[in-house]
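Line by line, the protein sequences are chains A and B. All residue numbers for the first sequence refer to our numbering, where the first residue is 1 and numbers rise by one. All residue numbers for the second sequence refer to our numbering, where the first residue is 45 and numbers rise by one. Each residue gets a CB set at the ideal place from its N, CA and C atoms; glycine is no exception. Since we're looking at a predicted model, the values are computed, not measured.
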Amino acid sequence: MNPFIQNILAITALVLAIGFLITKFFLKKKNSKKACGDDDCGCH
Amino acid sequence: MSKQINVALIGNPNTGKTSVFNALTGLNQKVGNYPGITVEKKEGICKLPRGVKAHIIDLPGTYSLNASSLDENVVIELLLNKNDKDFPDVAVVVSDVENLKRNLLLYTQIKDLEIPTILVINMADRMDYKGISLDLNYLEERLKTKIALVSTRKKQGIDRLKSLITNYKELSINHCIDLSEIDKNYFENLKTAFPNQLLYKLWLVITQDVNFGKADRNEIDAVTNFKTKSKADLKRLQQKETIKRYQFINDVLKKGQTIDIASAKDLRMQFDRIITHKIWGYLIFFVILLTIFQAIYDWSSVPMDFIDKTFAVLSEWTKTQLPKGAFTNLLAEGVIPGLGGIIIFIPQIAFLFLFISVLEESGYMSRVVFLMDRIMRRFGLSGKSIVPLISGTACAIPAIMATRNIESWKERLITILVTPFITCSARLPVYLIIISLVIPEGRIFGLGYQALTLMFLYLIGFLAAIISAYILNRVLKIKSKTFFVVEMPNYKLPLIKNVAITVLEKTKAFVFGAGKIILAISIVLWFLASYGPGENFNDAETITKKEYANQNLSAEELHQKIASHKLEHSYIGLTGRAIEPAIRPLGYDWKIGIAIVSSFAAREVFVGTLATIYSVGSDQEETIKNRMAGEINPILGGPLFNFASGISLLLFYAFAMQCMSTLAVVKKETNSWKWPALQLIIMSGFAYIVALIAFQVLK
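What follows is the structure in structure tokens.
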């Protein structure tokens with residue numbers, strides 16, 4: 001396999017990996033109002 | 045288009061509701077014996093006769109419609125809100141044949157909401173054993189419903205249940221009790237003030253001591269011509285209602301149910317006396333724990349060695365057989381060792397969950413909850429905290445979510461804060477690899493040192509949790525009170541299908557949940573370890589050759605020196621060296637430092653990271669364990685993973701808050717960054733100090 005293609009594949013893998021990690025840890029879903037107890041936690 | 049109806053599956057905890065759900069939908073799901081295990085809403089589709097489809101919701105277990113916790117609110121909110129898209133066309137109330145009297149309280153409440161209701165009497169296979177006989181026609185007539193006598197264990201009665209659901213329109217919606225019998229004046233006034241509303245629904249909205257998301261109490265408060273009673277009066281009326289319901293149930297069961305005590309065989313009491321005994325109970329639990337940890341080691345060593353060797357061969361094969369280049373190196377040195385670092389632990393994880401699942405299925409786990417309640421009370425926690433703490437052995441995230449079952453905010457907050465101390469399955473790979481490197485394989489009284497070390501780590505996690513709970517209970521100035529009721533389900537022979545599903549699901553969740561993160565981190569780490577800035581990295585070969593020109597190194601040795609030089613001056617090497625001063629006093633080198641930092645994403649990433657770092661530049665076919673065993677401490681000399689640094693690492697992972705996802709869940713559940721920030725600082729600070737002391741004392 002051409003080294004150029006190998007580099008392209010490797011960089012694609014890197015971009016996908018970074019994209020996955022950012023989505024997983026930094027783009028969070030909206031908080032649910034139901035996620036807390038029935039008093040004192042200030043979300044009601 | 046086929047018609048779809050909404051079916052709500054409702055019942056007391058431990059009535060086998062989830063087993064009925066599995067039997068109807070074919071969806072596989074965990075069935076446990078913890079009180080209130082069904083915390084989340086579970087849905088499934090069931091195909092019924094005549095092309096009808098049923099959308100089935102498995103609602104959280106509840107004893108009545110008088111909600112006292114967040115998951116019980118889910119049930120009441122759904123049943124009171126006709127506009128909810130999931131509002132049931134028909135409710136299926138699941139009861140246990142042995143606890144019919146108690147289970148029928150909930151049934152009569154739902155019936156009075158005028159929802160078509162089917163009564164399932166489950167665990168029918170135990171009727172002969174317990175000497176119970178039922179007059180179903182009489183029960184159907186008095187309870188104004190249709191009954192399905194079901195045994196999910198023997199797969200009986202499910203077809204009848206499906207047929208009853210299909211024909212739900214034929215069910216009566218007549219009430220079981222007349223509310224005006226409780227307090228004529230009050231209920232007549234209520235009816236006059238809200239002529240278009242269902243009386244029992246109004247009564248429930250008025251009396252619930254909870255916050256409703258959907259069923260709005262303000263509507264009632266806004267009507268000025270109706271004066272509601274004081275809290276104490278309402279409680280008194282609620283009690284009268286419960287008494288009325290039990291009078292009705294007693295009357296129905298007097299003729300509808302016969303229990304022949306002479307023919308009942310019951311060993312349960314004798315078992316319980318031993319298993320929950322204040323000395324024997326703890327001793328039995330301790331012996332069971334010892335057996336589990338020993339078995340985890342003994343049974344999984346062969347498959348683990350096989351997996352380790354297979355990945356080493358696969359990595360070598362990839363390197364030699366695929367065309368040379370960056371992508372081949374990424375696969376051979378990054379992806380394969382990284383994934384191997386997690387897959388190797390499948391046998392041990394599977395065996396751990398096999399044992400936990402058998403203990404849950406058999407009914408023993410509820411006895412453990414009862415036993416532990418005695419200890420927990422002394423540390424300011426209730427028995428309800430034990431459920432999240434035991435769940436924490438799998439993962440802290442669902443365990444923290446399970447604290448929603450605890451009514452007292454103070455106890456809930458303390459449980460949330462201390463749960464991450466419990467040894468979760470993500471710590472297991474770290475423990476196992478370090479133990480195998482630094483603890484000898486010998487045995488004492490038939491028990492391996494390695495198994496005992498693992499058990500010790502589980503115990504110190506538990507001790508750290510309850511001691512912190514004790515301190516927090518003293519420090520936090522939040523006033524609240526709570527009560528704890530635990531139901532002891534019958535002892536059952538675990539269903540192989542349920543155990544197999546649990547093991548499969550937990551193992552799958554472990555591998556795929558962590559696997560994707562490990563794969564991504566392995567790729568990033570490989571890049572950071574394979575490239576670097578400046579001359580030191582780019583001219584590594586020239587510099588190394590010059591440095592060792594006077595030493596007679598073989599080609600292989602020289603190759604290793606070049607690879608080592610490159611790694612040290614790669615991006616990851618430079619980062620690792622920057623943090624090395626902070627971790628050196630703990631006995632770690634920069635490679636371990638990188639593994640600790642990356643394992644903040646998930647603890648199990650630690651092993652995968654080291655496997656990737658040690659693989660970069662290495663041409664040898666080596667297992668992960670051998671690579672780690674061969675590492676030399678650059679400062680002190682000798683093996684990097686020795687007794688002192690190994691114990692230090694084990695203790696660090698036992699106490700450190702090394703999990704981003706857990707912190708995110710704590711933030712979500714407490715609605716504040718204050719608590720996760722405190723957790724991170726205190727736990728990780730404590731872990732650092734303990735690890736430091738351990739290394740300095742043992743080195």
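Any beta carbon of chain B sitting closer than 7 Å to that of Phe-20(A)? So, interface residue.
Give the interface partners of Val-568(B) over in chain A, defined as CB-CB distance under 9 Å, in chain order. The answer, in chain order, is Leu-14, Ala-17, Ile-18, Leu-21.
Would you say Phe-25(A) lies against chain B (beta-carbon separation less than 7 Å)? yes
Using 10 angstroms around the beta-carbon of Gln-291(B), count the other beta-carbons present and answer buried if the total reaches 16, otherwise exposed. For Gln-291(B), the number of other beta carbons within 10 angstroms of its own is below 16, and it is reported as exposed.
Flag this pair as yes or no: are the beta carbons of Ala-673(B) and Leu-481(B) separated by less than 7 Å? Judged by their CB atoms, Ala-673(B) and Leu-481(B) are nearer to each other than the 7 Å cut-off.
Mark Gln-494(B) as exposed unless 16 or more other C-beta atoms lie within 10 angstroms of its C-beta, in which case mark it buried. buried
Spatial neighbours of Val-118(B) in its chain, beta-carbon cut-off 6 Å, leaving aside the 5 residues before and after: Pro-104
Below 7 Å on C-beta distance, what does Thr-372(B) contact in chain A? Gln-6
Looking at the structure shown, is Asp-342(B) part of a helix, part of a strand, or coil, going by DSSP? helix
Start and end of the alpha helix (DSSP H) containing Lys-97(B)? Per DSSP, Lys-97(B) lies in no alpha helix (DSSP H); the unbroken beta strand (DSSP E) holding it starts and ends at 97–102.
Minimum C-alpha distance to Met-167(B) - residue among Val-357(B), Arg-647(B), Asp-633(B), Ser-177(B): Ser-177(B)
For Val-51(B), which beta-bridge partners are listed by DSSP? Ile-100(B), Val-134(B)
For the candidate residues Met-409(B), Asn-594(B), Lys-610(B), whose alpha-carbon lies nearest to that of Ile-570(B)? One detail in the question is off: residue 570(B) reads as Trp in this sequence, not Ile. The shortest C-alpha separation from Trp-570(B) is found at Lys-610(B).
Reference Ser-139(B); option with closest CA among Lys-552(B), Asp-133(B), Asn-147(B): Nearest to Ser-139(B) by C-alpha distance, out of Lys-552(B), Asp-133(B), Asn-147(B), is Asn-147(B).
What is the DSSP secondary structure of Asn-373(B), counted as helix, strand or coil? helix
Any C-beta of chain A under 7 Å from that of Gly-369(B): yes
Residue environment, Trp-361(B), which counts as buried when at least 16 other CB atoms sit within 10 Å: exposed
What residues in the stretch 539–569 of chain B bring their beta carbon closer than 9 Å to a beta carbon of chain A? Lys-560, Ile-561, Leu-563, Ala-564, Ile-565, Ser-566, Ile-567, Val-568
Pick from Phe-399(B), Arg-197(B), Leu-180(B): whose alpha carbon is nearest that of Thr-189(B)? Leu-180(B)
For Leu-572(B), I'd like the list of residues in its chain whose CB is within less than 8 Å of its CB, leaving aside the five on either flank, ordered along the chain. Ser-614, Tyr-615, Ile-616, Thr-619
Ser-401(B) in three-state terms, based on DSSP: helix
Verify the CB distance criterion: does Phe-571(B) have a CB-CB separation below 7 Å to chain A? yes
Taking Cβ positions only, does Leu-9(A) come closer than 7 Å to chain B? yes
Quick check on Arg-197(B): does DSSP put it in helix, strand or coil? Note: Arg-197(B) maps to coil in three-state DSSP.
Residues bridged to Ile-89(B) by DSSP? His-99(B)
Is there a Cβ of chain A sitting closer than 7 Å to that of Met-701(B), yes or no? no
N-terminal and C-terminal residue of the alpha helix (DSSP H) that Gln-301(B) is part of: That residue, Gln-301(B), is in no alpha helix (DSSP H); its beta strand (DSSP E) goes 301–303.
Straight-line Cα distance separating Ile-725(B) from Lys-711(B): 14 Å
Give the interface partners of Ala-645(B) over in chain A, defined as CB-CB distance under 9 Å, in chain order. Leu-21, Lys-24, Phe-25
Could you spell out where the beta strand (DSSP E) holding Ile-176(B) opens and where it closes? 176–178
According to DSSP, Val-164(B) sits in a beta bridge with which residue or residues? Paired residue(s): Val-138(B), Ala-192(B).
For Arg-487(B), the residue or residues it bridges with in DSSP: Gly-492(B)
For the pair the stretch 687–706 of chain B and the stretch 496–512 of chain B, tell me if three or more CB-CB distances fall below 8 Å. yes
Whose CA, out of Val-96(B), Thr-59(B), Ile-101(B), Lys-126(B), lies closest to the CA of Tyr-107(B)? Thr-59(B)
Report yes if the C-beta distance between Pro-538(B) and Gly-407(B) is below 7 Å; otherwise report no. no
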